[in-house]
Amino acid sequence: KLTASLWCIVTSLPQPLMAVPAFLFVHAFIPFLPVGLGFAGGAMAWVAVFELLVEAYEDTESVLITGAISSLSLFAMLALQGVIDDEARS
73 KLTASLWCIV TSLPQPLMAV PAFLFVHAFI PFLPVGLGFA GGAMAWVAVF ELLVEAYEDT
133 ESVLITGAIS SLSLFAMLAL QGVIDDEARS
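This is the structure:
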């Protein structure tokens, strides 16, 4: 048990040692954050449209059902986001 405890401590030592360089690296690249977030959003949209909707259509074999359920899901998430935003502002 002592050996396992020592290995836990030894393997955790790099975390505080690398915290300051990691902070400096992230702080230096803050101006590029919008580009990265935009790329991530575009990638999620691509997956949603060209992967998930296609797979949903293959499973249901109906454009109407796929469109209706996808639209219902979108409106439900927009409503939930609106409630959360309203609660956060009050």
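Under this note's numbering, the residues of the sequence shown are numbered 73 to 162, in order.
Even for Gly, the Cβ is constructed at its ideal location relative to N, Cα and C.
Please read all numbers here as calculations on a predicted model, not as lab measurements.
Task: Where the alpha helix (DSSP H) through residue 120 begins and ends - done: Here residue 120 corresponds to residue number 48 of the sequence shown, with the count starting at 1. Note, residue 120: premise wrong, no alpha helix (DSSP H); not H, not E.
TODO: Report yes if the C-beta distance between residue 142 and residue 128 is below 9 Å; otherwise report no.
DONE: For the purposes of this step, residue 142 is identified with residue 70 of the sequence shown, where counting begins at 1. For the purposes of this step, residue 128 is identified with residue 56 of the sequence shown, where counting begins at 1. Yes, they are a contact pair.
Task: alpha helix (DSSP H) segment containing residue 86, residue limits - done: Start at 1 with the first residue of the sequence shown, and residue 86 comes out as number 14. Residues 86-100.
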